[in-house]
Structures are given as structure tokens and as C-alpha cells.
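Here is the structure we will look at.
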Amino acid sequence: VGKSNMDEFAMGSSTENSAYGPTRNPWDTSRVPGGSSGGSAAAVAAGEGWWALGTDTGGSVRQPAALCGIVGLKPTYGRVSRYGLISFGSSLDCIGPMTRDVRDAALLLQAIAGHDPRDSTSANVEVPDYLAGLEGGVEGLRVGVVTELMDERIDAGVREVTSRVAAGLEAAGAEVGEASLPHAYYALEAYYIIAPAEVSSNLARFDGVRYGLRVPADGVHEMYRRTRERGFGAEAKRRIMLGTYALSSGYYDAYYAQAQKVRTKIIEDFRNAYARYDVLVSPTSPSVAFELGAKTDDPLAMYLQDICAVPASLAGVPAISVPGGLSDGLPVGVQLMGDHFTEPMLLRAARAAERVADFGFSPRP
Numbered sequence: 001v002g003k004s005n006m007d008e009f010a011m012g013s014s015t016e017n018s019a020y021g022p023t024r025n026p027w028d029t030s031r032v033p034g035g036s037s038g039g040s041a042a043a044v045a046a047g048e049g050w051w052a053l054g055t056d057t058g059g060s061v062r063q064p065a066a067l068c069g070i071v072g073l074k075p076t077y078g079r080v081s082r083y084g085l086i087s088f089g090s091s092l093d094c095i096g097p098m099t100r101d102v103r104d105a106a107l108l109l110q111a112i113a114g115h116d117p118r119d120s121t122s123a124n125v126e127v128p129d130y131l132a133g134l135e136g137g138v139e140g141l142r143v144g145v146v147t148e149l150m151d152e153r154i155d156a157g158v159r160e161v162t163s164r165v166a167a168g169l170e171a172a173g174a175e176v177g178e179a180s181l182p183h184a185y186y187a188l189e190a191y192y193i194i195a196p197a198e199v200s201s202n203l204a205r206f207d208g209v210r211y212g213l214r215v216p217a218d219g220v221h222e223m224y225r226r227t228r229e230r231g232f233g234a235e236a237k238r239r240i241m242l243g244t245y246a247l248s249s250g251y252y253d254a255y256y257a258q259a260q261k262v263r264t265k266i267i268e269d270f271r272n273a274y275a276r277y278d279v280l281v282s283p284t285s286p287s288v289a290f291e292l293g294a295k296t297d298d299p300l301a302m303y304l305q306d307i308c309a310v311p312a313s314l315a316g317v318p319a320i321s322v323p324g325g326l327s328d329g330l331p332v333g334v335q336l337m338g339d340h341f342t343e344p345m346l347l348r349a350a351r352a353a354e355r356v357a358d359f360g361f362s363p364r365p
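Here it is, written out as C-alpha cells:
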């Protein structure tokens, strides 16, 4: 069993925020593998293991899977126990499989899914056989391509690959149309208030007294200051401060409460979409893997890499990224999203998308 590299406390979209240095993409070692579970994605893509686990708070399984040309599954929130996981966003965190194909993702989910009384957020819902019906195809399945996630914010090559996979599903018997998630435009802003607010609370325990690193000092207040200053990297500190600000007196109603209202509207959008469609399709990431260091000095540009992934995270629905093809010689991930606890159907659709895409590429040696 190996331990892979990742962004510190799962905060990042490139695996450049690690105390162990950046991880490189096996497809092009001058580029990032995505994040935060970039080490897991790179290891699977490079053939260092058959599978890996990652955590997905706002796309941290799906986005690196897309950039490294593998499969990444975020289960329904509560489907997999988080017992033992260091919390980032308690209402968002999920543990999910990262594999070379959809069948292996189904096998791994079968092994890790289920109720755990040690995790208060674990759902007490029966675990079905995820392999049964996996090869059943998409005949009659209603598939909606999310228009808000196919606009000019998405690279043309990524949109082209996504459209090609959707057309392939239609040719395979699915009923394909356009779906709308109107409030997806505001998902990123809501996510980057809610998630930092939760991490501000969760990482308060790393104070040098009860838990974690302790930096000696003359006096308790100086010890707190030094410990918090040295114990976190720049991105972790940025998100802690953002979250603390959003929760502070005078700003809670203006920011955090409003973000939660947006989240409620996004959940309603998904509910309405699933009244018409069984599965929703979009790109997983707005672009292919970018060069190391290209966005480290621009946090906003880095955060924008999550625009396609965070709507499903905020809604708590299952989502999977499958390799759809190449753009400029680099992998493009196509995201499929299902309703809560519909992983069997989602995996069946993903398996069909996998066959349609016929990716079959491996990183250059």
C-alpha cells in the first residue's frame, strides 16, 4: 500500500500546494496532474497501481482524473464512510475510487460503500451490486447535456470532446437533449464561501495545544500565533481566513447565509433536471492540464478550474469522470452526474460512455 501526494489538507486544484513538492502529470511532466488528489491520479495513470482512493470536496477526485486520463468517481454524499478522514468541508467531503476503467471503479465502490456508525454523516442505505447491469448499455436512458457548463468558459477542444461523447451515447440508444442548471453560474462563488467557512472551523483544532504541530514560544498567545503561522501553507491560510471572515459578525448574513441560499437553489435545479433526465453530462474540467506554476500566483484562475465540478458537490449527488478523448494531445474528462444513490445507473452510463470514447491511450513513456 502506497501513500500518494496531494494538496495540503486537500486544498488545491493542481497538487502544487504540498509540503512534499508538486506532482507532475504523466502525460506531460511539465504540466499539473490536477488536484487535490493529483498524486493518486498520476500514480494510476502511470501504471504504479491498479487503483487509488482520493477525497472529493469540490472536484478533487474528478478533476485530476480528467487531467490524467483515468476514471474518478465521487459517490453520493454519505455513501462511503469518512471515518478517519481529516475534514476539509464536512458537508461536502467524499471518498471515491480512481481507476483505469469504470469496471474497476464499480469494484472498488463495492468494497468501500456502506453505513458506518462511526461517521454521523454515513447514510444507512442498502448497498446494491454495482457490477450487476454494468454492461446493460444506455438504450432508452434520458441524458441531458448541461448548457451552463458548455459555454465560453470551457475550452473549445473540451466542449468538442464532450459533445462527441454525448452524440455517441445518442447513437448507442440514449435520448439526448439539453438540460439546464440555472444557478450553476453561481456555484463556484457559493462553494468558495461554504467550503472555507467549514475548513475554518475544522482546522481550528490545529492549535498546538490539543492537536497537531506545536511551535514553542514565550506565552500561550505567541505559541498560538507561531503554530498557526508555520503549521499551514499559503493556500490553507488563505482559505482559513476567507472562511473566518465569512463567518464573522456582520458578514455571516451577507456572505455565508447567502451562499447557503444559492446552494439550496442548486439542489432544486438538480431535482428539476432529474425529473426530465436520468443522467446529466458536462465537461469535468474547463481545460486540459496546464503548465506547472501557470496559476500559482493567481488564486482566482486556479479556483476557476473547479467550475464544472462544484455544482454536483454542493448538491451531494454522485458524479463520475471518464476519459473522453484528447485535446492538444492531452486527456479530456467527461463528467456524468446522477441523482442521489443512483450509482448503479450512473456507472452503467459511464461504462457506455467509456465504450463510446474508446480512449485507449496511455501516457507517453
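Mapping the sequence shown onto UniProt numbering, position 354 (from 1) lands on 354, and the numbers just tick up by one.
Quick reminder that beta carbons are idealized off the backbone N, C-alpha and C, glycines included.
Going by beta carbon distance, what residues of the same chain come within less than 7 Å of residue i, once the five residues before and after it are set aside?
| i | result |
| --- | --- |
| residue 307 | 153, 188, 286 |
| residue 377 | In the structure as shown, the chain begins at 1 and stops at 365. Residue 377 is therefore absent and cannot be evaluated. |
| residue 356 | 165, 168, 169, 172 |
| residue 139 | 173 |
| residue 108 | 51, 97, 99 |
| residue 87 | 93, 202 |
| residue 134 | 103, 106, 347, 348, 351 |
| residue 255 | 193, 246 |
Considering only C-alpha positions, which residue in the set the options is nearest to residue i?
| i | options | result |
| --- | --- | --- |
| residue 386 | 115, 132, 191 | For residue 386 there is no data in the structure shown, the boundaries of the chain being 1 and 365. |
| residue 223 | 233, 210, 235 | 210 |
| residue 172 | 351, 362, 363 | 351 |
| residue 207 | 228, 82, 199, 289 | 228 |
| residue 118 | 96, 85, 101 | 85 |
| residue 195 | 317, 336, 240 | 240 |
| residue 259 | 197, 299, 294 | 197 |
| residue 325 | 149, 274, 363, 309 | 363 |
| residue 32 | 45, 46, 16 | 16 |
Tell me which residues share the same chain as residue i and place their Cβ nearer than 8 Å to its Cβ, disregarding the 5 neighbours each side in the sequence.
| i | result |
| --- | --- |
| residue 230 | 213, 215 |
| residue 2 | 43, 48, 49 |
| residue 205 | 211, 212 |
| residue 30 | 24, 291, 292 |
| residue 341 | 76, 79, 123, 125, 318 |
| residue 158 | 283, 285, 286, 287, 288, 327, 332 |
| residue 132 | 344 |
| residue 71 | 65, 97, 98, 99, 100, 101, 102, 104, 105, 320, 321, 322, 323, 350, 354 |
Per DSSP, residue i forms a beta bridge with which residues?
| i | result |
| --- | --- |
| residue 337 | 280, 319 |
| residue 216 | Bridge partners of residue 216: none, in fact. |
| residue 74 | 319 |
| residue 327 | 330 |
| residue 31 | 291 |
| residue 95 | 55 |
| residue 198 | DSSP, once it has assigned bridges, lists no residue as partnering residue 198. |
| residue 142 | 175 |
| residue 113 | 80 |
| residue 25 | 28 |
Who are the Cβ neighbours of residue i in its own chain at under 6 Å, not counting the five residues just before and after it?
| i | result |
| --- | --- |
| residue 166 | 145, 176, 281 |
| residue 217 | 223, 226 |
| residue 113 | 79, 80, 127 |
| residue 295 | 301, 302 |
| residue 40 | 4, 52, 54, 98 |
| residue 265 | 183 |
| residue 236 | 8, 9, 11 |
| residue 200 | 240, 243, 244 |
Given this structure, state the Cα-to-Cα distance separating residue i from residue j, to the nearest angstrom.
| i | j | result |
| --- | --- | --- |
| residue 66 | residue 253 | 36 Å |
| residue 192 | residue 319 | 20 Å |
| residue 358 | residue 180 | 28 Å |
| residue 13 | residue 64 | 8 Å |
| residue 168 | residue 26 | 28 Å |
| residue 297 | residue 348 | 40 Å |
| residue 238 | residue 327 | 33 Å |
| residue 332 | residue 104 | 20 Å |
| residue 163 | residue 323 | 13 Å |
| residue 51 | residue 261 | 37 Å |
| residue 174 | residue 278 | 10 Å |
| residue 346 | residue 185 | 24 Å |
| residue 21 | residue 9 | 14 Å |
| residue 190 | residue 74 | 19 Å |
| residue 249 | residue 242 | 14 Å |
| residue 161 | residue 91 | 32 Å |
| residue 267 | residue 257 | 16 Å |
| residue 263 | residue 183 | 9 Å |
| residue 141 | residue 234 | 46 Å |
| residue 338 | residue 221 | 48 Å |
| residue 335 | residue 19 | 30 Å |
| residue 136 | residue 37 | 31 Å |
| residue 330 | residue 219 | 53 Å |
| residue 68 | residue 35 | 10 Å |
What I want to know is whether the C-beta of residue i ends up closer than 7 Å to one or more non-hydrogen atoms of the ligand FAD.
| i | result |
| --- | --- |
| residue 81 | Of the ligands one can find in the structure shown there are none, so the ligand FAD has no counterpart to examine. |
Compare the C-beta of residue i with all C-beta atoms of chain D and state if any pair is closer than 8 Å.
| i | result |
| --- | --- |
| residue 318 | Included in the structure is just one protein chain, with no chain D present. |
Quiz item: On the three-pair Cβ rule with 8 Å, is the segment 50-59 touching the segment 297-317?
Solution: yes
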